[in-house]
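Notes to accompany the following structure.
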Amino acid sequence: RSDFAAALKDNFIYVFGGFNGRELSTADRYSIDNNIWEDLADVPTKWPLFGHCAITATGSEIYIVGGNSGSVDVFDTGPSLSWKNPTYVRDMPEVRRSAAFVLMERYLLIIGGCDRKGAVTASCFIYDFLYNHWSSTPAS
Numbered sequence: 003r004s005d006f007a008a009a010l011k012d013n014f015i016y017v018f019g020g021f022n023g024r025e026l027s028t029a030d031r032y033s034i035d036n037n038i039w040e041d042l043a044d045v046p047t048k049w050p051l052f053g054h055c056a057i058t059a060t061g062s063e064i065y066i067v068g069g070n071s072g073s074v075d076v077f078d079t080g081p082s083l084s085w086k087n088p089t090y091v092r093d094m095p096e097v098r099r100s101a102a103f104v105l106m107e108r109y110l111l112i113i114g115g116c117d118r119k120g121a122v123t124a125s126c127f128i129y130d131f132l133y134n135h136w137s138s139t140p141a142s
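The numbers in our numbering rise by one with no breaks, and the one at position 9 of the sequence shown is 11.
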């Protein structure tokens, strides 16, 4: 399995999507304490996740961003272990995969990466969680 996203939360490693001979929509978690893998509900997106990133936020949420879709998906690591359909998070303005993702205070920065056709870009997107707004900026 390659090209997946992973995040550490409360002694569990969460793994989302990737590639294993085909693009995957699976979600799994590994218990560091018990050395056990557990299958979770598949990612509820139209496209499998490939070339994306998982970002751990405060609370029980993990944001899965980018990849071959422009969606922003949210997984709740609380007791329900379920996908949320948040109306408070807008999808990305463009598909961006294999990019760098940075969470900084209330902002999510997406730097570089490739578009849906695989063309490399140096542009940046900035998402403001407070105002639920995407903006873009050139890399220079």
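All C-beta atoms, glycine included, are put in the ideal place defined by N, C-alpha and C. Fair warning: this is a prediction, and the values are worked out from it, not measured in the lab.
- For M106, the secondary structure class from DSSP, reduced to helix, strand or coil, is strand.
- For A29, the uninterrupted beta strand (DSSP E) run begins and ends at 25-33, by DSSP.
- Judged by their CB atoms, V67 and F103 are nearer to each other than the 9 Å cut-off.
- Taking C-alpha positions only, S138 is separated from R92 by approximately 14 Å.
- Classified as buried, N70 has 16 or more neighbouring CB atoms from the shown chains inside 10 Å of its CB.
- In terms of Cβ geometry, R99 and C126 do not form a close pair [threshold 9 Å].
- The way I'd put it, the segment 53-61 doesn't touch the segment 27-44; fewer than three beta-carbon pairs between them come closer than 8 Å.
- In the DSSP annotation of this structure, the continuous segment of the beta strand (DSSP E) that includes L42 starts and ends at 38-42.
- Here S73 is not bridged, per DSSP, to any residue.
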